[in-house]
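Peer 1: Line by line, the protein sequences are chains A and B.
Mapping of the first sequence onto our numbering: position 53 corresponds to residue 1358, and the numbering continues sequentially without gaps.
Mapping of the second sequence onto our numbering: position 35 corresponds to residue 359, and the numbering continues sequentially without gaps.
All C-beta atoms, glycine included, are put in the ideal place defined by N, C-alpha and C.
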Amino acid sequence: DQQVKQNSPSLSVQEGRISILNCDYTNSMFDYFLWYKKYPAEGPTFLISISSIKDKNEDGRFTVFLNKSAKHLSLHIVPSQPGDSAVYFCAASGARGQNFVFGPGTRLSVLP
Amino acid sequence: EPEVTQTPSHQVTQMGQEVILRCVPISNHLYFYWYRQILGQKVEFLVSFYNNEISEKSEIFDDQFSVERPDGSNFTLKIRSTKLEDSAMYFCASSEPRDRGTTGELFFGEGSRLTVL
């Protein structure tokens, strides 16, 4: 039972354009979400977070949108750069828990 | 910048052998975690540890697994009798509690690759 889904295993985007990575969750108790980026042979690196009291959070080129009613969040990267090429994971946590459930990841390729 | 460090970076072992993976979390963090990623699959939660005891564990974390904080700095994952399917990248992570007003994100180490032959 996948509680956190990232239905696109891969995404290719031209440099300078917007990358949109999507994430859906099934557990209505999730109230806190993180996005991580992962390069091969490295640990995941935190990018940006959002809690359920917000519907948007922005940090530089990265913006995360949360639609609680649809149980959907998305990460927007604009403009995309070749160095953004990596696997992106969405992770979710409930109010009481400190651990996060990770989605399967989306491999982003930014083409020069 | 403080970071989570893990040793060894790669360990090869024979099936049935015991393995200990070591982690040094960020010093002022209170929550510690182990996750794993089997090649080509998603990152899976194994266990979280707080206040010297397990706070949550997944169904993957069976009796073959144990965690320990033997001193004030190290956090270890022991696999008592390794199986072929234990081959994976094991990630240690640490975090501050969210009620401290932080984002509560997990800071991950670089991972320890375990290969069971």
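Along the chain, where does the beta strand (DSSP E) that runs through residue 437 of chain B open and close?
Peer 2: 436-440
Peer 1: For the beta strand (DSSP E) containing residue 1338 of chain A, name the first residue and the last one.
Peer 2: 1335-1343
Peer 1: Counting pairs of Cβ atoms below 8 Å between the region 1353-1360 of chain A and the region 330-340 of chain B, do you hit three or more?
Peer 2: no
Peer 1: Output yes if chain A places a C-beta closer than 7 Å to the C-beta of residue 434 of chain B; else output no.
Peer 2: yes
Peer 1: Using CA coordinates, which residue listed in B:390, B:373 and B:432 is at the minimum distance from residue 402 of chain B?
Peer 2: B:390
Peer 1: Closer than 8 Å is the cut-off here; do at least three beta carbon pairs connect the region 371-380 of chain B with the region 349-361 of chain B?
Peer 2: yes
Peer 1: Let me know if residue 360 of chain B comes out buried or exposed under the rule of 16 or more other beta-carbons within 10 Å of its beta-carbon.
Peer 2: buried
Peer 1: Check residue 387 of chain B in the structure and name its three-state DSSP category.
Peer 2: In the three-state scheme derived from DSSP, where H, G and I count as helix and E and B as strand, residue 387 of chain B is classed as coil.
Peer 1: Got a sec? Which residues, its chain only, sit under 6 Å from residue 1338 of chain A by beta carbon, not counting five neighbours each side?
Peer 2: Only residues of its own chain outside the window of five on either side were considered, and among them 1355, 1378 and 1397 have a CB closer than 6 Å to the CB of residue 1338 of chain A, listed in chain order.
Peer 1: Please say whether residue 1399 of chain A and residue 1335 of chain A have beta carbons closer to each other than 7 Å?
Peer 2: Taking the C-beta atoms as reference points, residue 1399 of chain A is found nearer than 7 Å to residue 1335 of chain A.
Peer 1: Going by DSSP, what residue range makes up the beta strand (DSSP E) through residue 1348 of chain A?
Peer 2: Element bounds for residue 1348 of chain A: n/a, residue is neither H nor E.
Peer 1: How is residue 396 of chain B classed by DSSP in three states: helix, strand or coil?
Peer 2: coil
Peer 1: From this set, A:1389, A:1342 and A:1331, which residue's C-alpha is nearest residue 1372 of chain A's C-alpha?
Peer 2: Nearest of A:1389, A:1342 and A:1331 to residue 1372 of chain A, Cα basis: A:1331.
Peer 1: What three-state label does DSSP hand residue 368 of chain B in the structure shown?
Peer 2: strand
Peer 1: Name the chain A residues whose beta carbon is nearer than 9 Å to that of residue 337 of chain B?
Peer 2: Here the premise fails: no neighbours, minimum Cβ distance about 19 Å.
Peer 1: Measure the alpha-carbon distance for residue 398 of chain B versus residue 405 of chain B and round it to whole angstroms.
Peer 2: Residue 398 of chain B and residue 405 of chain B have their alpha carbons spaced roughly 22 Å apart.
Peer 1: If we count Cβ pairs, one from each stretch, closer than 8 Å, do we get three or more for the region 342-351 of chain B versus the region 416-435 of chain B?
Peer 2: yes
Peer 1: Does residue 399 of chain B get closer than 7 Å to chain A when you measure Cβ to Cβ?
Peer 2: no
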